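What follows is a short report on a single structure.
Chains as they are written, first to last, in the working numbering: chain A, 1 to 159; chain B, 160 to 691.
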């Protein structure tokens, strides 16, 4: 049994047929084809699949695909504008805030949700906002620093 | 914060470096921050089937019967894969380098030896259909006694875990049940020591927990080959292993990998590729085999458990005169890489310290636990944990500053190591000095002046002991016997290792760098002095 679902994905209208009971993660990756969203646990504990639903960070693996009809989804694939990177992407690159890169999409989206509602977060705000996202490579500190850099606009492009 | 200390060994280094000391961007970083790096599962493949395996609920059991008739009829099921379907159903990873005997089936034949061992595979049109069909398989078991502790596994009468190694120990060189190190006379060292301390250390298994779980996809190609997208950390290793188990020439397999979502050693065991290729061969369709998070955490191979006994003899002037290590590596039910971890461990004993009498016995032991594998320095990591805890306890026992104690005993260039190789390119003393400086940890003058160069800046026996600066022990060291018991020796103590050069004099001033651009004995790889 499949259900038609329409929603906005990174500003574009999308229509998809979702398997009954399918989660948003599988529909985004396997039906729509947005492979920037990653699955790490499929049970809501790692944060890798974090997307924004109407601006709020949500775990796509625990979101019933049929529940997002008419809503606006943002993923890491939609962060940059053409060739221009989002300040968070630049800061993550410059702070070496990714090693294997698998958690990065979810980290970026959790951080974007924070900066969109609070452009000047404290370190504690950043730690709180990223608290649901697991990284096994970098040790978190470069990620926290990258988010703070992006917030303060302290971004020095490589010469 | 990155800091390059060019003042240390400045005269021994080429300084025409182009990359070292300069930040550089990773080639894959742009892909990571834009979500476009291609991991093994980032391929959209039409008609993809899904493989899941039935795992043993018991740590040790004989399989009496398997009834998969209902599963075979379940919706979406395309194929059941049984042990008899696996062309070469016995393998060991390091057989590729002729190290060890084949001891592990891809699917259990008659006995399961750890909780989670794969028994049977189901290929279905969706992961969900495969999982639901697994629930319809009926297996009856006769449970067998199990053993979960390395020392219990070595006792007479312990359950035999691994049919290939019935005594529960890996076999080295076709006949030895452990690896040894013998150097000097460790018992003579203990007899001479002012303080003897023996402690037990152990480490539990540790799961790598990569955010991307282990997995792979096999896609039949039109030319009879199979394209395999995989999360492996060891592409060609996995390719050859998968070729062996499937009994196909390796040129029938085209492995594509390279972007790994976290590995840390947990993706070298080729846990998914052989079966996913077999599934694709048996169905003629592309198949994915992806670990769930539960499978990754519970059955993905962890860093193995280790138990380490360390017995040291130390003089009140700070010199360690004897070190004896007995260690057990828990390999789990099959070999994987623990056999090699033991070799690394023994190569690292007695740690980075010049100790005239060293002795070690290290065992690779089979138990009914999840097979263990590589993880970040495996073989050395837990040993270093044990040795450095022991170093702190020894320093307390003799009333010496723990950093000065390490500096006093650290390898210096020209020292003879327990493996009968001369120490070269040493730098532990300088590392300890810089660490102390960064931590505002006061070191006495003679310890600040010591160096890793030949001679080291001071005679170890003359360094002296300042008890006022040492941490106060909560209780006297328990084995700090006033007078260690003397024992009789059946053989004379061997001659001292290569006599160290006189250490009374301060080190000669460094000779000025040669005019050549390649005047760097310590760091140059051009002239091969870095490693022997």
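Heads up, the beta-carbon is just placed ideally off N, CA and C, and yes, glycines get one too. Note that the structure is predicted; figures quoted are calculated from it, not measured.
Residue closest to residue i, alpha-carbon to alpha-carbon, out of the options
i: residue 472 of chain B; options: B:361, B:568, B:287; result: B:568
i: residue 75 of chain A; options: A:98, A:47, A:67, A:66; result: A:47
i: residue 502 of chain B; options: B:417, B:330, B:359, B:422; result: B:330
i: residue 114 of chain A; options: A:98, A:13, A:131, A:99; result: A:131
i: residue 99 of chain A; options: B:371, B:413, B:594, B:309; result: B:371
i: residue 253 of chain B; options: B:279, B:320, B:427; result: B:427
i: residue 136 of chain A; options: B:325, B:366, B:303, B:606; result: B:366
i: residue 104 of chain A; options: B:340, B:187, B:321; result: B:187
i: residue 495 of chain B; options: B:326, B:602, B:421, B:396; result: B:396
i: residue 341 of chain B; options: B:516, B:360, B:498, B:210; result: B:516
i: residue 280 of chain B; options: B:266, B:490, B:619; result: B:266
i: residue 583 of chain B; options: B:600, B:606, B:380, B:610; result: B:610
i: residue 204 of chain B; options: A:36, A:29, A:58; result: A:29
i: residue 202 of chain B; options: A:54, A:37, A:139; result: A:37
i: residue 39 of chain A; options: A:20, A:57, A:117, A:62; result: A:62
i: residue 181 of chain B; options: B:237, B:475, B:161, B:530; result: B:161
i: residue 544 of chain B; options: B:599, B:269, B:347, B:359; result: B:359
i: residue 212 of chain B; options: B:570, B:408, B:296, B:587; result: B:296
i: residue 106 of chain A; options: A:119, A:45, A:20, A:27; result: A:45
Partners in chain B for residue i, counting only beta-carbon separations shorter than 8 Å
i: residue 136 of chain A; result: 367, 368, 369, 370, 421, 423
i: residue 163 of chain A; result: For chain A, the structure presents residues 1 to 159; residue 163 of chain A sits outside this window and is missing.
i: residue 64 of chain A; result: Near residue 64 of chain A there are no residues of chain B at all, since even the closest Cβ is about 15 Å away, more than 8 Å.
i: residue 59 of chain A; result: Within chain B, no residue comes near residue 59 of chain A; the closest Cβ sits about 13 Å away, beyond 8 Å.
i: residue 77 of chain A; result: 193, 194, 195
i: residue 114 of chain A; result: Result: empty, since nearest Cβ-Cβ is about 17 Å, beyond 8 Å.
Beta-carbon proximity of residue i to residue j, cut-off 7 Å
i: residue 288 of chain B; j: residue 374 of chain B; result: no
i: residue 264 of chain B; j: residue 214 of chain B; result: no
i: residue 197 of chain B; j: residue 431 of chain B; result: no
i: residue 14 of chain A; j: residue 31 of chain A; result: no
i: residue 262 of chain B; j: residue 323 of chain B; result: yes
i: residue 167 of chain B; j: residue 563 of chain B; result: no
i: residue 16 of chain A; j: residue 3 of chain A; result: no
i: residue 410 of chain B; j: residue 437 of chain B; result: no
i: residue 41 of chain A; j: residue 25 of chain A; result: no
i: residue 89 of chain A; j: residue 192 of chain B; result: yes
i: residue 608 of chain B; j: residue 616 of chain B; result: yes
i: residue 102 of chain A; j: residue 421 of chain B; result: yes
i: residue 150 of chain A; j: residue 77 of chain A; result: no
i: residue 386 of chain B; j: residue 380 of chain B; result: yes
i: residue 454 of chain B; j: residue 488 of chain B; result: no
i: residue 435 of chain B; j: residue 377 of chain B; result: yes
i: residue 275 of chain B; j: residue 423 of chain B; result: no
i: residue 206 of chain B; j: residue 402 of chain B; result: no
i: residue 439 of chain B; j: residue 490 of chain B; result: no
Cross-chain neighbours of residue i in chain B, by beta carbon under 9 Å
i: residue 140 of chain A; result: Result: empty, since nearest Cβ-Cβ is about 13 Å, beyond 9 Å.
i: residue 92 of chain A; result: 188, 191, 192
i: residue 148 of chain A; result: Within chain B, no residue comes near residue 148 of chain A; the closest Cβ sits about 16 Å away, beyond 9 Å.
i: residue 56 of chain A; result: The premise fails here: residue 56 of chain A is roughly 19 Å from chain B at the closest Cβ pair, so nothing lies under 9 Å.
Within chain B, partners of residue i - CB distance below 7 Å
i: residue 35 of chain A; result: 201
i: residue 104 of chain A; result: 191, 192
i: residue 48 of chain A; result: 370
i: residue 41 of chain A; result: 452
i: residue 98 of chain A; result: 188, 191, 192
i: residue 81 of chain A; result: Going along chain B, no residue has its Cβ under 7 Å from residue 81 of chain A, so there is no contact; the nearest lies around 12 Å.
i: residue 28 of chain A; result: The premise fails here: residue 28 of chain A is roughly 11 Å from chain B at the closest Cβ pair, so nothing lies under 7 Å.
Contacts that residue i makes with chain A (C-beta to C-beta distance below 8 Å)
i: residue 198 of chain B; result: 38, 102
Does the contact criterion of 3 or more C-beta pairs under 8 Å hold for the region 553 to 564 of chain B versus the region 517 to 524 of chain B?
no
Count the CB pairs spanning the region 85 to 98 of chain A and the region 165 to 178 of chain B that are closer than 8 Å, and state whether there are at least three.
no
Short-range partners of chain A found in the region 162 to 194 of chain B, where Cβ spacing is below 9 Å
Under the 9 Å Cβ criterion, the region 162 to 194 of chain B contributes 182, 184, 185, 187, 188, 189, 190, 191, 192, 193, 194.
Within 8 Å, do at least three Cβ pairs link the region 494 to 514 of chain B to the region 279 to 296 of chain B?
Contact fails: fewer than three Cβ-Cβ distances are below 8 Å.
Pairs of beta-carbons, one from the region 322 to 338 of chain B and one from the region 533 to 540 of chain B, closer than 8 Å: are there three or more?
no
When the Cβ atoms of the region 444 to 459 of chain B are set against those of the region 309 to 319 of chain B, are three or more pairs found closer than 8 Å?
No contact exists between the region 444 to 459 of chain B and the region 309 to 319 of chain B.
Do the region 477 to 490 of chain B and the region 409 to 416 of chain B touch if we need at least three Cβ pairs shorter than 8 Å?
no
Under 8 Å, with one C-beta from each stretch per pair, do the region 301 to 308 of chain B and the region 506 to 519 of chain B reach the 3-pair mark?
no
Take every Cβ of the region 119 to 129 of chain A, pair it with every Cβ of the region 223 to 237 of chain B, and state whether three or more of those distances are shorter than 8 Å.
No, they do not touch.
Any C-beta of chain A within less than 9 Å: which residues of the region 394 to 405 of chain B qualify?
Answer set for the region 394 to 405 of chain B: empty.
Could you tell me whether the region 54 to 73 of chain A touches the region 5 to 14 of chain A, where touching means 3 or more Cβ pairs closer than 8 Å?
yes
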